[in-house]
Amino acid sequence: MRNLLELKDIGYSYHSLHGETKAIENISFGVGVGEFVAVVGPSGCGKSTLLSIIAGLLAPEQGTITVNNPDGSLRYPRVGYMLQRDHLFEWRSVYKNVVLGLEINHMMTEERLEYVNQLLRDYGLDVFRNKRPSELSGGMKQRAALIRTLALNPELLLLDEPFSALDYQTRLMVSADICHLIRATGKTMIIITHDLAEAISLADRVIVLSGRPARIKRDLPIHLTLSGDDSLAARNAPEFNQYFNTLWEALTSEDQ
Ligand code: ADP
Ligand code: MG
Numbered sequence: 042m043r044n045l046l047e048l049k050d051i052g053y054s055y056h057s058l059h060g061e062t063k064a065i066e067n068i069s070f071g072v073g074v075g076e077f078v079a080v081v082g083p084s085g086c087g088k089s090t091l092l093s094i095i096a097g098l099l100a101p102e103q104g105t106i107t108v109n110n111p112d113g114s115l116r117y118p119r120v121g122y123m124l125q126r127d128h129l130f131e132w133r134s135v136y137k138n139v140v141l142g143l144e145i146n147h148m149m150t151e152e153r154l155e156y157v158n159q160l161l162r163d164y165g166l167d168v169f170r171n172k173r174p175s176e177l178s179g180g181m182k183q184r185a186a187l188i189r190t191l192a193l194n195p196e197l198l199l200l201d202e203p204f205s206a207l208d209y210q211t212r213l214m215v216s217a218d219i220c221h222l223i224r225a226t227g228k229t230m231i232i233i234t235h236d237l238a239e240a241i242s243l244a245d246r247v248i249v250l251s252g253r254p255a256r257i258k259r260d261l262p263i264h265l266t267l268s269g270d271d272s273l274a275a276r277n278a279p280e281f282n283q284y285f286n287t288l289w290e291a292l293t294s295e296d297q
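End of the sequence shown = 297 in our numbering, gap-free, step of one.
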């Protein structure tokens, strides 16, 4: 598999009047085209910092990110970023929310809007297009947030704990659902989660980070015999517990 991104020795510190907070250190990994990578690690270890660097919102202090597009070009892939909360605006209809990114970027073309309408139909939100976000269920709101992200046709999706505001049951359904939808688009995805079971059931690879400053403790490919496309079924795969134990051990072992 060709790597879309190659991170090499990435390091970053926050600087303030009180001194320096080293957030991440010596992070190196590649992300293949169409690959789903999950990143797990203790709270406050530097996960969001890492994602912000990959998104291009922060410049790394150390290290480099190399791009290797399928078309051979060197431009940075278009990035879609989805956060913990859906961040839908209550004063806008569902439709006005999902086209917000296009509006801001002056990309309200016929082609883009047709794509959004297609997604609204595919994701069962078409009948809710004129409703307010508060009239949607938690899962539907996340779907709307996903449509808004996909509207800009990103090549790389970055999800920062996108399901953690949902209750457990909804979360199981919505995470399986959203990841299924993203897989169908063939896009590359990096998802941060603190739920190991979620990581194993959704991702092709799980990267475990240490406590701050985050370093890579484990980079584990996941192959589930039961997965197919159904991440709920994946939780019943015979290898699931072994992966869980391996990752749990990596997560809880002493940082050196
Ligand atoms: P995570 O997403 O893993 O919870 P973050 O990447 O958000 O962790 O933060 C890593 C560390 O950097 C934390 O200790 C946090 O307090 C610190 N940090 C995050 N953002 C800033 C900032 N803007 N200024 C100073 N310190 C920050
Ligand atoms: Mg975070």
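The beta-carbon is built from N, C-alpha and C at its ideal position, and this holds for glycine as well.
Following the DSSP letters along the chain, one finds Val157 inside the alpha helix (DSSP H) bounded by residues 151 to 163. With respect to the C-alpha of Leu193, the residue from Val168, Gly142, Gly73, Asn138 having the closest C-alpha is Gly142. Comparing C-alpha distances from Pro111 to each of Glu61, Thr229, Leu237, Asp208 shows the shortest one belongs to Thr229.
Ile65 is not a Cβ neighbour of Arg259, given a cutoff of 9 Å. A distance criterion of 8 Å places the beta-carbon of Ser89 in contact range of the ligand MG, judged by its closest non-hydrogen atom.
Runs of the alpha helix (DSSP H) lying entirely within the stretch 88 to 174, each at least 4 residues long, are 88 to 96, 135 to 139, 141 to 145, 151 to 163 in chain order. For Gly179, the uninterrupted alpha helix (DSSP H) run begins and ends at 179 to 191, by DSSP. DSSP lists no bridge partner for Ser272. Distances taken from the Cβ of Ala255 to the heavy atoms of the ligand ADP include one shorter than 8 Å. Across the set Thr190, Ala274, Ser69, Asn171, the C-alpha of Thr190 shows the shortest separation from the C-alpha of Thr226.
Annotated three-state conformation of Arg246 is strand, per DSSP. Taking one beta carbon from each stretch, the stretch 209 to 220 and the stretch 87 to 95 have fewer than 3 pairs nearer than 8 Å; the two do not touch. In this structure, Ile233 lies near Leu200, with their beta-carbon atoms less than 9 Å apart. The three-state reading of DSSP puts Asp208 in coil, since its state is none of H, G, I, E or B. At a cut-off of 8 Å, the beta-carbon of Ala79 does not count as near the ligand ADP: no heavy atom of the ligand is closer than that. Close CB contacts of Ile223 within its chain, under the 7 Å cut and outside five residues either way in sequence, are with Leu198, Met230 (chain order). Contact between the stretch 97 to 108 and the stretch 268 to 286 is absent: fewer than 3 CB-CB pairs across the two stretches fall below 8 Å. Secondary structure of His221 (DSSP, three-state): helix. Taking a contact as a CB-CB distance under 8 Å, the pair Ala244 and Ile263 counts as one, their CB atoms being some 6 Å apart. With respect to Gln183, Phe169 sits apart: the two C-beta atoms are not nearer than 9 Å. Between Leu237 and Leu288, the gap from beta carbon to beta carbon is short of 9 Å.
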